[in-house]
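Number of protein chains: 2
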Amino acid sequence: MKLPANPNTFANYPLDRSGHRRKDAAWLEAALNRDDAAIHLFHRDRPLLSQAGRRMAPSPMGPGAVQMASPDAPIVFLGVDEVGAPHFAAMLHPDLDPTEPPLESLGVFTDLRSAAMQLSGPDAAVLGCAKAILDWHERHRFCAKCGAGSQPQEGGWKRVCASCAAEHFPRVDPVAIMLPVRDGRCMLGRQARFPAGMYSALAGFIEPGESIEEGCAREVLEEVGLIATAVRYVGAQPWPFPSQLMIGLIAEVEPGDVVLEDEIDAVVWLTKEEARAALSGGVDTDRGRIFAPPPFAIAHHIVQAWLAEP
Amino acid sequence: MKLPANPNTFANYPLDRSGHRRKDAAWLEAALNRDDAAIHLFHRDRPLLSQAGRRMAPSPMGPGAVQMASPDAPIVFLGVDEVGAPHFAAMLHPDLDPTEPPLESLGVFTDLRSAAMQLSGPDAAVLGCAKAILDWHERHRFCAKCGAGSQPQEGGWKRVCASCAAEHFPRVDPVAIMLPVRDGRCMLGRQARFPAGMYSALAGFIEPGESIEEGCAREVLEEVGLIATAVRYVGAQPWPFPSQLMIGLIAEVEPGDVVLEDEIDAVVWLTKEEARAALSGGVDTDRGRIFAPPPFAIAHHIVQAWLAEP
Numbered sequence: 000m001k002l003p004a005n006p007n008t009f010a011n012y013p014l015d016r017s018g019h020r021r022k023d024a025a026w027l028e029a030a031l032n033r034d035d036a037a038i039h040l041f042h043r044d045r046p047l048l049s050q051a052g053r054r055m056a057p058s059p060m061g062p063g064a065v066q067m068a069s070p071d072a073p074i075v076f077l078g079v080d081e082v083g084a085p086h087f088a089a090m091l092h093p094d095l096d097p098t099e100p101p102l103e104s105l106g107v108f109t110d111l112r113s114a115a116m117q118l119s120g121p122d123a124a125v126l127g128c129a130k131a132i133l134d135w136h137e138r139h140r141f142c143a144k145c146g147a148g149s150q151p152q153e154g155g156w157k158r159v160c161a162s163c164a165a166e167h168f169p170r171v172d173p174v175a176i177m178l179p180v181r182d183g184r185c186m187l188g189r190q191a192r193f194p195a196g197m198y199s200a201l202a203g204f205i206e207p208g209e210s211i212e213e214g215c216a217r218e219v220l221e222e223v224g225l226i227a228t229a230v231r232y233v234g235a236q237p238w239p240f241p242s243q244l245m246i247g248l249i250a251e252v253e254p255g256d257v258v259l260e261d262e263i264d265a266v267v268w269l270t271k272e273e274a275r276a277a278l279s280g281g282v283d284t285d286r287g288r289i290f291a292p293p294p295f296a297i298a299h300h301i302v303q304a305w306l307a308e309p
Numbered sequence: 000m001k002l003p004a005n006p007n008t009f010a011n012y013p014l015d016r017s018g019h020r021r022k023d024a025a026w027l028e029a030a031l032n033r034d035d036a037a038i039h040l041f042h043r044d045r046p047l048l049s050q051a052g053r054r055m056a057p058s059p060m061g062p063g064a065v066q067m068a069s070p071d072a073p074i075v076f077l078g079v080d081e082v083g084a085p086h087f088a089a090m091l092h093p094d095l096d097p098t099e100p101p102l103e104s105l106g107v108f109t110d111l112r113s114a115a116m117q118l119s120g121p122d123a124a125v126l127g128c129a130k131a132i133l134d135w136h137e138r139h140r141f142c143a144k145c146g147a148g149s150q151p152q153e154g155g156w157k158r159v160c161a162s163c164a165a166e167h168f169p170r171v172d173p174v175a176i177m178l179p180v181r182d183g184r185c186m187l188g189r190q191a192r193f194p195a196g197m198y199s200a201l202a203g204f205i206e207p208g209e210s211i212e213e214g215c216a217r218e219v220l221e222e223v224g225l226i227a228t229a230v231r232y233v234g235a236q237p238w239p240f241p242s243q244l245m246i247g248l249i250a251e252v253e254p255g256d257v258v259l260e261d262e263i264d265a266v267v268w269l270t271k272e273e274a275r276a277a278l279s280g281g282v283d284t285d286r287g288r289i290f291a292p293p294p295f296a297i298a299h300h301i302v303q304a305w306l307a308e309p
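Going down the list, the sequences are from chains A and B.
The first sequence begins at 0 in numbering that gives the first Met the number 0 and counts up one residue at a time.
The second sequence begins at 0 in numbering that gives the first Met the number 0 and counts up one residue at a time.
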């Protein structure tokens with residue numbers, strides 16, 4: 000990849016996915032038995048990590064680790080790293096307890112969302128992709144078309160129904176996440192589930208029959224009652240909770256009264272100076288002291304992109 | 000919606016989706032029984048159309064039409080039109096023959112892909128959305144998590160498992176579709192399944208763990224062996240075959256030899272003058288006379304966007 004770096008967590012995947020290898024069962028089996036194979040273990044949705052100074056890092060195991068894998072989950076082929084080592088992800092047998100041998104000495108199984116800021120960008124990207132695929136298998140063991148059991152194939156990148164032969168592929172749900180702006184100010188909104196004082200961008204799933212821009216305009220209208228007149232694309236983030244494609248947007252909105260529906264409790268309008276302060280600690284507003292999300296969230300980078308506009 | 004018109008077929012949905020009504024079963028039932036309710040009938044994946052001069056138009060039926068609906072498919076709430084009439088989509092009972100009474104007098108059940116260019120933009124958008132949702136129900140009657148039967152809810156915008164209570168939502172698969180460009184030329188590629196002489200943009204599904212730009216760069220590398228250094232967003236199209244979100248991109252690529260993998264048979268490099276000719280009839284190249292896709296396909300509009308760049 001020679002693309003410019005993406006500022007978003009979980010982007011910038013460092014492995015060569017080598018998609019052509021997925022159909023090559025003999026190659027996959029040989030790769031899985033190589034001494035340099037790196038197996039990223041998960042216990043439920045938690046990857047195995049180790050402390051590396053003040054940061055955390057994946058703690059991949061060698062090929063023997065697949066003995067501990069769940070019989071219900073595939074060993075997922077993640078790709079090949081810059082020195083040629085193949086990487087895989089494996090879900091541990093559900094009967095294994097991470098606080099007892101043999102697991103307890105390996106490292107710590109840690110929630111990816113809370114650990115992501117302590118991981119390097121490339122490590123977060125690998126574990127995020129692994130989590131998304133393993134989670135998809137966990138929730139898709141049966142054929143949605145006929146109800147029979149389905150089996151993983153192609154290094155975990157496909158499931159095939161044993162009964163009706165329907166093929167199923169990992170799901171990615173596109174989400175529009177947008178910053179409404181007008182007359183030099185941007186709007187941030189607050190959901191009840193947010194930490195106290197945090198305000199963020201608005202967001203919602205793109206539905207069948209919508210363009211990105213239409214999904215954005217619908218969400219702005221539904222959530223705050225304002226009419227979008229133009230939508231600009233900012234950037235995208237793979238988001239593994241469970242497997243979204245976050246599509247970051249700036250939405251120009253018409254003047255009008257804000258009408259809050261169920262999802263959003265309150266909104267603030269910020270000047271560029273105030274938004275800059277909200278990104279880097281906090282700012283006083285008519286809703287009290289508020290702050291915007293940290294760089295972990297694409298909302299942070301959408302506000303940054305708006306600040307950088309002339 | 001006050002967004003600028005989207006040039007892509009199936010975009011510019013004209014109905015107010017009124018998502019808040021989906022959870023209101025009493026409102027939905029009353030709407031379905033209104034005299035002005037418009038029921039868009041489908042026989043398998045074909046909408047009921049009528050000839051309107053040289054064009055085609057949907058031929059929505061009144062509320063009585065739901066008597067002919069399949070017991071296995073929901074009546075899907077599509078939204079409310081500009082005069083307040085509620086629109087629904089219904090899949091006909093599979094035993095009904097479209098060439099016999101009562102169906103044969105209603106109009107013609109026509110393949111949406113071939114009819115789309117004869118439909119108005121708003122009509123294509125409504126039928127495209129309806130087709131995507133009905134098709135999703137057809138292929139998702141069972142819970143992927145536990146294998147039990149699932150039931151449609153919320154006007155067809157959700158299915159819930161009767162056994163494990165898992166919720167399932169209509170799937171939208173994001174696809175990167177891109178025009179590689181370099182030194183004032185763009186590349187179009189040819190797949191064996193295309194009509195003779197047609198060359199188009201490259202495309203592929205975005206995978207878990209990828210940004211839009213990463214998915215684009217991976218596809219360019221996989222399909223033609225070239226390295227993308229920058230990716231620009233052009234626009235998006237909902238594509239109901241079965242339910243993709245086509246994300247149109249321009250990809251700057253490095254100099255290098257084209258290496259064709261399985262999907263692409265041949266490529267051409269076109270100057271802006273040649274690309275303009277390819278869009279409007281055809282152009283002679285070292286691969287013979289070729290043409291680019293018609294305005295029906297987003298590929299057409301990606302080339303147009305590149306032509307409009309300074």
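In this text, a Cβ means the ideal position worked out from N, Cα and C, and glycines have one as well.
* Pick from Q236/A, V171/A, M177/A that is closest to N11/A, judged by C-alpha positions -> The alpha carbon of N11/A has as its nearest neighbour, out of Q236/A, V171/A, M177/A, the alpha carbon of Q236/A.
* Please name the residue in K130/B, A175/B, K144/B whose C-alpha comes closest to that of G155/B. => G155/B has its Cα closest to that of K130/B, out of K130/B, A175/B, K144/B.
* **Alpha-carbon spacing of L187/B relative to A89/A, whole angstroms** => Between the alpha carbons of L187/B and A89/A lies a distance of about 39 Å.
* Using a Cβ-Cβ distance under 9 Å, would Y198/B count as near chain A? -> No, no contact with chain A.
* Asked: Of the residues that make up the stretch 229-240 of chain A, which ones have a beta carbon closer than 8 Å to any beta carbon in chain B?
  -> Cβ contacts with chain B come from A229, V230, Y232, G234, A235, Q236, P237, P239.
* To do: Would you mind reading off the limits of the beta strand (DSSP E) that contains W238/A?
  => Run containing W238/A: 227-238, per the beta strand (DSSP E) assignment.
* On the DSSP bridge assignment, give the partners of A36/A in chain order. => Per DSSP, A36/A has no beta bridge partner at all.
* **is_contact[L105/A, chain B] using C-beta, thresh 9 Å** => Closer than 9 Å: no.
* CA nearest to the CA of S113/A, picked from Q152/A, S104/A, L102/A, L126/A -> The residue among Q152/A, S104/A, L102/A, L126/A with its C-alpha nearest the C-alpha of S113/A is L126/A.
* Near G281/B, which residues of its chain fall below 6 Å by C-beta distance, leaving aside the five closest residues on each side in sequence? -> Within the same chain, R288, F290 come within 6 Å of G281/B by CB-CB distance, once the 5 residues on both sides are set aside.
* If we cut at 9 Å on Cβ distances, does R140/A have a partner in chain B? -> So, interface residue.
* Which of helix, strand or coil does DSSP assign to A175/A? -> It is a strand residue.
* chain A residues whose Cβ lies nearer than 7 Å to that of G18/B -> Here the neighbours are E221.
* Asked: What does a CB cutoff of less than 8 Å around N32/A pick up in its chain, not counting 5 residues either side in sequence?
  -> Correct list, in chain order: P62.
* Does the separation of the CB atoms of H167/B and P97/B fall below 9 Å? -> Taking 9 Å as the cut-off, the Cβ atoms of H167/B and P97/B do not count as close.
* Which residue comes first and which comes last in the alpha helix (DSSP H) that contains E251/B? -> That residue, E251/B, is in no alpha helix (DSSP H); its beta strand (DSSP E) goes 243-252.
* Asked: Looking only at its own chain, which residues have a Cβ that is under 7 Å from the Cβ of E262/B, when we skip the five neighbours before and after it?
  -> The residues are Q190, E222.
* What does a CB cutoff of less than 7 Å around E103/A pick up in its chain, not counting 5 residues either side in sequence? -> Around E103/A: P97.
* Taking 9 Å as the CB-CB limit, is A216/A close to chain B? -> Judged by the 9 Å Cβ criterion, A216/A is in contact with chain B.
* With which residues is I289/B paired in a DSSP beta bridge? -> Bridge partners of I289/B: V282/B.
* To do: Over the uninterrupted alpha helix (DSSP H) stretch that includes K144/B, give me the two end residues.
  => K144/B -> no alpha helix (DSSP H), and no H or E assigned at all.
* Would you list the residues sitting across from E166/B in a DSSP beta bridge? => Its beta-bridge partners are V159/B.
* Asked: Going by other Cβ atoms of all chains shown within 10 Å of its Cβ, with 16 needed for buried, is E273/A buried or exposed?
  -> So E273/A ends up on the buried side.
* C-beta contact flag for V180/B and L201/B at 9 Å -> In this structure, L201/B does not lie closer than 9 Å to V180/B by Cβ.
* Partners in chain A for E209/B, counting only beta-carbon separations shorter than 7 Å -> Those within 7 Å of E209/B in chain A are Y12, P237.
* To do: Leaving out five residues on either side along the sequence, give the residues of the same chain with a beta carbon under 6 Å from the beta carbon of P85/A.
  => Around P85/A: A30, A36, V79.
* Asked: In chain B, which residues lie with their C-beta within 7 Å of the C-beta of C145/A?
  -> Under the 7 Å cutoff, chain B gives F141.
* So, T284/B versus L269/B, is the Cβ gap smaller than 9 Å? -> For T284/B and L269/B, yes; Cβs fall inside 9 Å.
* To do: Determine, using beta carbons only, whether L48/B and M67/B come nearer to each other than 9 Å.
  => Not closer than 9 Å, so no.
* To do: Name the one or two DSSP bridge partners that C185/B has.
  => Beta-bridge partners assigned by DSSP to C185/B: V180/B, L269/B.
* What separation, rounded to the nearest whole angstrom, lies between the Cα atoms of V230/A and V174/B? -> Their backbone Cα atoms lie some 20 Å apart in a straight line.
* To do: Quick one: using the 10 Å Cβ neighbour count with 16 as the cut-off for buried, is D94/B buried or exposed?
  => It counts as exposed.
* Cβ atoms of R16/B and R170/A: under 9 Å apart, would you say? -> It is not a contact, given that the beta carbons lie outside the stated cut-off.
* Beta-carbon of K1/B versus every beta-carbon of chain A: anything under 9 Å? -> Put simply, the CB of K1/B is near chain A, with a gap under 9 Å to one of its CB atoms.
* Asked: Going by other Cβ atoms of all chains shown within 10 Å of its Cβ, with 16 needed for buried, is H19/B buried or exposed?
  -> Flag for H19/B reads exposed.
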